[in-house]
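Inspection log for the structure reproduced underneath, given as structure tokens.
In full-length UniProt numbering, the protein residues as written are 1 to 178.
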């Protein structure tokens with residue numbers, strides 16, 4: 001799928017997604033100094049600032065899955081932290097605020113932030129499979145599919161089990177910027 005980001009309307013949200021697509025964001029591990037996390041170091045996982053990958057290794061969508069698929073509604077992915085919809089990560093060092101709700105969930109193929117409530121955006125996203133206007137004002141739309149709507153439809157039709165989890169792995173094998 002080729003996706004256009006709406007960086008002119010929601011620049012922070014688009015940049016978060018873009019950096020996870022390219023893998024250019026690298027988490028920095030910080031060590032405690034005088035009770036604060038201040039210096040880069042290589043220590044135990046319990047001191048990881050975010051705790052998702054080893055220090056300096058690119059983190060992002062490559063190799064992650066679409067973990068939730070609901071026909072005629074949406075396909076959800078982007079949880080490279082836990083892979084099950086519980087992980088949160090952002091280039092802004094934790095959840096970030098809803099940038100704005102100027103764009104609407106007015107058609108299939110729109111890219112929007114998955115969240116667990118107001119201002120809890122991270123790495124997870126979903127793509128609408130139909131008009132979803134009840135999501136307006138709750139989820140930030142930040143892009144749209146410009147090529148590959150058929151791929152989205154194929155993912156939408158993957159058999160699912162409990163919690164709308166695909167029975168077959170749906171993996172993002174490559175991603176980046178064009």
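Think of the CB as a built atom: it goes at the ideal place given N, C-alpha and C, for glycine as much as any other residue.
Since we're looking at a predicted model, the values are computed, not measured.
Query                                                                                                              : Result
Ranges of the beta strand (DSSP E) found wholly within the region 48-110, counting only runs of at least 3         : 66-70, 74-77
Residue 144, buried or exposed, once every other Cβ within 10 Å from all chains shown has been counted against 16  : buried
Per-residue DSSP class, three states only, for residue 152                                                         : helix
heavy atom of the ligand SAH below 8 Å from residue 159 C-beta                                                     : Although the ligand SAH was asked about, the structure shown includes no ligands whatsoever.
Residue 14 classed as buried or exposed, judged by whether at least 16 other C-beta atoms fall within 10 angstroms : buried
Within 9 Å, strictly: CB atoms of residue 133 and residue 101                                                      : no
Rounded separation between residue 166 and residue 11 - CA only                                                    : 31 Å
Residue 159 versus residue 71: straight-line alpha-carbon distance, rounded                                        : 10 Å
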